[in-house]
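Report on one structure; see the data block that follows.
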Amino acid sequence: MRLIKVSIFILLLTSLPLHAALEIKITQGIGNAMPIAIAPFVVSGSGKPPQVVDEIIKADLKRSGRFKPMESSEFPQQDVTAESMRLRLWREKGIDYLVVGSVREEAPGFYKVKFQLFDSGGVKQLAGYTIPADKASLRMAAHQASDLIYEAILGIRGAFNTRVAYITSGQRGGKKRYVMQIADSDGYNSRTILNSPKPLMSPAWSPDNKKIAFVSFEGNRSGVYVQDVLTGQRVKVSARKGINGAPSWSPDGSRLAVTLSNNGNPDIYVIDLGSKKASRLTRDSAIDTEPVWMPDGQSLIFTSDRSGKPQLYKVSASGGSAQRVTYEGDYNSAPTVSADGKKVAMVSGERGKFRIAVLDMTSGETRVLTDGRLDESPSFAPNGSMIIYATKEGGRSVLAAVSEDGSVRQTLTLKGGEVQEPDWSGFLN
Amino acid sequence: MLRIMSVLIVSLFILTACGKKKTGPDDGTQQPGAGSVTTPGADRGPAAVSMDPFEDPANPLSKRIIYFDYDSSQVHSEDIPTVNAHAKYLSENTGAKVRLEGHADERGSREYNVALSERRALSVQRLMSFQGMRANQAEAVSYGEERPVEFGHNEAAWSQNRRVEIIYESK
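If you read the sequences in order, they're chains A and B. Heads up: the first sequence runs through residues 1027 to 1455, numbered per our numbering. Heads up: the second sequence runs through residues 223 to 393, numbered per our numbering.
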């Protein structure tokens, strides 16, 4: 039986289209995006490498909304290198930063990606790195370069070398299918993790980015599972009577906070993945669900309607009384916490419109970031700079991303399908 | 597949029409084991053809979807007779089992909607147990907004999705 299951899994992986890439469209960038030029990287070795590294870096920086990459047709110098560059020419063209680089094939299929970042205002190298890669990891090396360039200029770590997990649903041969996929955060390299005729929900990356916890309705009721992304091996974490939902990994990856209702009504529990023991965190007769850990692992934020309608509350990881956290708006749910623990993004409902809002835990201020009617499932990028979420466009479910100050916006659409419930991974390296 | 279905339907027909002890209203047939359709001329004249009560639109047992108001898990008063009819059937047929599948419309967050739809299913379950259904005869399963029947983004669609479906696993 197991052999059959494994063969079916492999068959599914190979037979489904692997290029169901998410198409990203920038809908808004900041007005004072920094002019940058990424010169074509010098290529040496046998033939062309499978990726154009400078194009990937250019797309990454443009997608952040904070940079305005110059078109190569406007370059004051063609085929520029660190040796041949004359920064004054670039400065005169209004460029603040110049990136030059090379992709050198050291052995068949093995490359060294080298780049140098210059500030056009002085003869200063801001950053210079060499990144080794093979054919399969060349895109990743480009994203790593983007992260380093972003950090050298903005002082915050970049989040280009990251992945997104999401659920797509659509018709296949007249039947509804639910598919859990992962992709690079630029929409490339999408891969199916699980394909099911029954609903899949709430994908959650483990802190080491190697596993995904999720909810599946196979077996005609909800269950929480953990699947290894590489091996496909799956473990059932909870399939108790009633609801098994909303898995959230503890920062050390050893526990999952979940929602269970087998004791009468939905409450927050913490399941130790080693011992499988569940300890109860909330005892309220209201709905308590959607737990998410604070980065120090000491407490959790969750949704509760104990005051009548859903609001966010905070409870210690060892249980006890919960304190209310949100006071603005009549509906606040689906919390996601930034990696520094300072911000909580959520679904905020007001007079029938559901939008993404961010609460600053230090100042107590809430800001609404989106203007949809049916926005849901927010997830922070690991550097806290962007929030990915699900929304409706033209009646279809698509993903969107907004910067944490609301100034940068993108949509991510999936051809021929509905896409929902995104979860942003951590830093891959 | 079709053949199995027809056999099943015919068996159901026969089963419901005879053999079971019913203290409810007489459905018209009095011939155990003979099925519910009479051959013309074979008896004293045409006898009433009884319908499967679960398919008979005049019978509350044929109604198996309960709808709810936004953000509410309260069963409307006009649906109480339907819920009671199912509860009565279950209390009189202790081998029968139902799944109460709760659903919500798409607004708001998904996991909260799973919990909300469970409240709806449990609401129906509670009413049925007050009327004599046993605890082991029902299981509440909640799908939240994951299995809509209508795909529009307006109240007409949402109102159809806020529902509990009463699904008989065995009768």
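No residue lacks a Cβ here, since even glycine has one placed at the ideal position from N, Cα and C. Small disclaimer: the values here were computed from a predicted structure and weren't measured.
Proximal residues of chain B, C-beta to C-beta of residue i below 7 Å
i: Asn1215 (chain A); result: Near Asn1215 (chain A) there are no residues of chain B at all, since even the closest Cβ is about 26 Å away, more than 7 Å.
i: Pro1223 (chain A); result: The contacting residues do not exist; Pro1223 (chain A) stays about 11 Å from chain B at best.
i: Ile1269 (chain A); result: Val336, Ala337, Glu340 and Ser364
i: Pro1321 (chain A); result: None at all; the shortest Cβ gap to chain B is about 21 Å.
i: Glu1316 (chain A); result: Ser331, Glu333 and Tyr334
i: Glu1109 (chain A); result: Going along chain B, no residue has its Cβ under 7 Å from Glu1109 (chain A), so there is no contact; the nearest lies around 55 Å.
Burial state of residue i (16 or more Cβ within 10 Å)
i: Lys1369 (chain A); result: buried
i: Ala1239 (chain A); result: buried
i: Arg1377 (chain A); result: exposed
i: Leu1143 (chain A); result: buried
i: Gly250 (chain B); result: Residue placement at Gly250 (chain B) is poorly supported in this model, since its pLDDT is 41, which falls under 50; the coordinates still yield a value, given next. When all chains shown are included, Gly250 (chain B) counts as exposed.
i: Ile1082 (chain A); result: buried
i: Asn1246 (chain A); result: exposed
i: Ala280 (chain B); result: exposed
i: Leu1044 (chain A); result: Because Leu1044 (chain A) sits at a pLDDT of 37, beneath the cut-off of 50, its placement in the model cannot be relied upon, and the following sentence gives the value as read from the coordinates. Its Cβ having fewer than 16 others within 10 Å, Leu1044 (chain A) is exposed.
i: Tyr1137 (chain A); result: buried
i: His298 (chain B); result: exposed
i: Ser1041 (chain A); result: Annotation note: pLDDT 35 at Ser1041 (chain A) (below 50); position unreliable, no value reported.
i: Tyr991 (chain A); result: This structure does not reach residue 991 (chain A), given that chain A is present from 1027 up to 1455, and the question cannot be answered.
i: Gln1253 (chain A); result: buried
i: Asn1289 (chain A); result: exposed
i: Thr1315 (chain A); result: buried
Partner residues on chain A for residue i, Cβ-Cβ distance less than 7 Å
i: His375 (chain B); result: Leu1400, Lys1418 and Gly1421
i: Val398 (chain B); result: Nothing about residue 398 (chain B) can be reported from this structure: the residues present for chain B run from 223 to 393 only.
Pairwise C-alpha distance: residue j and residue i
i: Arg1399 (chain A); j: Phe1186 (chain A); result: 29 Å
i: Arg1422 (chain A); j: Thr1107 (chain A); result: 46 Å
i: Tyr292 (chain B); j: Ser381 (chain B); result: 8 Å
i: Arg1117 (chain A); j: Pro1095 (chain A); result: 14 Å
i: Leu1226 (chain A); j: Ile1193 (chain A); result: 7 Å
i: Ala307 (chain B); j: Ser313 (chain B); result: 10 Å
i: Thr1396 (chain A); j: Glu377 (chain B); result: 22 Å
i: Leu1037 (chain A); j: Leu1256 (chain A); result: Summary for Leu1037 (chain A): the model assigns pLDDT 41, below 50, so the residue's position carries little reliability; its value from the coordinates is reported in the next sentence. Distance between the alpha carbons of Leu1037 (chain A) and Leu1256 (chain A) is about 16 Å.
i: Ser1429 (chain A); j: Gly1258 (chain A); result: 33 Å
i: Ile1182 (chain A); j: Glu1097 (chain A); result: 26 Å
i: Leu338 (chain B); j: Gly1334 (chain A); result: 12 Å
i: Gly1271 (chain A); j: Leu1152 (chain A); result: 47 Å
i: Met273 (chain B); j: Pro282 (chain B); result: 13 Å
i: Gly1443 (chain A); j: Glu372 (chain B); result: 17 Å
i: Gly1263 (chain A); j: Arg384 (chain B); result: The displayed chain sequence assigns Val, not Gly, to residue 1263 (chain A). Their Cα atoms are separated by approximately 29 Å.
i: Ser1195 (chain A); j: Gln296 (chain B); result: 31 Å
Chain-ordered chain A contacts of residue i [CB-CB under 8 Å]
i: Gly324 (chain B); result: Chain A residues near Gly324 (chain B): none, gap ~10 Å exceeds 8 Å.
Chain-ordered chain B contacts of residue i [CB-CB under 9 Å]
i: Val1373 (chain A); result: Gly330, Ser331 and Tyr334
i: Met1227 (chain A); result: Arg332, Glu333, Val336, Gly366 and Glu368
i: Thr1285 (chain A); result: Glu333, Val336 and Ala337
i: Ser1359 (chain A); result: Gly330, Ser331, Glu333 and Tyr334
i: Glu1447 (chain A); result: Arg332
Within chain A, the residues that residue i reaches when beta carbons sit closer than 9 Å
i: Leu349 (chain B); result: Within 9 Å Cβ-Cβ: nothing; Leu349 (chain B) doesn't reach chain A, min ~17 Å.
Candidates the options, of which the one nearest residue i by Cα
i: Val336 (chain B); options: A:Ile1179, A:Ile1269 and A:Ser1216; result: A:Ile1269
i: Arg1471 (chain A); options: A:Ser1389, A:Pro1158, A:Ile1297 and A:Gln1436; result: Since the first residue of chain A shown is 1027 and the last is 1455, residue 1471 (chain A) is not available in this structure.
i: Ala357 (chain B); options: B:Ala378, B:Gly317 and B:His325; result: B:Gly317
i: Tyr1123 (chain A); options: A:Tyr1176, A:Met1166, A:Val1139 and A:Asp1160; result: A:Tyr1176
i: Ser1403 (chain A); options: A:Gly1390, A:Pro1448 and A:Gly1432; result: A:Pro1448
i: Ser1389 (chain A); options: A:Arg1381, A:Ala1365 and A:Val1351; result: A:Val1351
i: Asn1058 (chain A); options: A:Phe1136, A:Val1434 and A:Ser1451; result: A:Val1434
i: Gln359 (chain B); options: B:Glu340, B:Ile389, B:Arg385 and B:Ser299; result: B:Ile389
i: Arg1306 (chain A); options: A:Phe1141, A:Gly1375 and A:Gly1346; result: A:Gly1346
i: Ser1451 (chain A); options: A:Glu1109, A:Ala1209, A:Leu1338 and A:Arg1217; result: A:Ala1209
i: Gly1375 (chain A); options: A:Leu1087, A:Ile1413, A:Ala1230 and A:Gly1355; result: A:Gly1355
i: Pro1229 (chain A); options: A:Ala1191, A:Val1261 and A:Met1387; result: A:Ala1191
i: Ala1407 (chain A); options: A:Phe1453, A:Pro1102 and A:Ala1167; result: A:Phe1453
i: Ala1427 (chain A); options: A:Ser1359, A:Thr1439, A:Ile1413 and A:Ser1280; result: A:Ile1413
i: Gln1207 (chain A); options: A:Leu1220, A:Ser1146 and A:Pro1075; result: A:Leu1220
i: Ser294 (chain B); options: B:His375, B:Val346 and B:Arg369; result: B:Val346
i: Val1129 (chain A); options: A:Ala1343, A:Asp1160 and A:Gly1120; result: A:Asp1160
i: Val363 (chain B); options: B:Glu340, B:Asp327, B:Ala309 and B:Thr304; result: B:Glu340
i: Ser1287 (chain A); options: A:Ser1276, A:Arg1266 and A:Ser1301; result: A:Arg1266
i: Gly1300 (chain A); options: A:Ser1276, A:Asp1173, A:Gly1147 and A:Met1111; result: A:Ser1276
Supposed close pair residue i, residue j - CB separation, criterion 8 Å
i: Gly1184 (chain A); j: Asn1409 (chain A); result: 7 Å
i: Pro1361 (chain A); j: Ile1327 (chain A); result: 4 Å
i: Val1373 (chain A); j: Gly324 (chain B); result: The pair is not a contact, with the Cβ atoms about 20 Å apart (cut-off 8 Å).
i: Ala1063 (chain A); j: Ile1121 (chain A); result: 5 Å
i: Asp1298 (chain A); j: Ser1325 (chain A); result: Contact flag wrong, Cβ pair sits at about 17 Å.
Chain-ordered neighbours of residue i on chain B, where CB pairs are closer than 8 Å
i: Thr1329 (chain A); result: Ser331, Glu333 and Tyr334
i: Pro1313 (chain A); result: Here residue 1313 (chain A) is Ile; the residue named in the question, Pro, does not match the sequence. The answer, in chain order, is Tyr334, Ala337, Leu338 and Arg341.
i: Gly1390 (chain A); result: Within 8 Å Cβ-Cβ: nothing; Gly1390 (chain A) doesn't reach chain B, min ~22 Å.
i: Ser1403 (chain A); result: Ser331 and Arg332
Check: residue i C-beta below 7 Å from any heavy atom of the ligand GDP
i: Gly1213 (chain A); result: Among the components modelled here there is no ligand, and therefore nothing to report on the ligand GDP.
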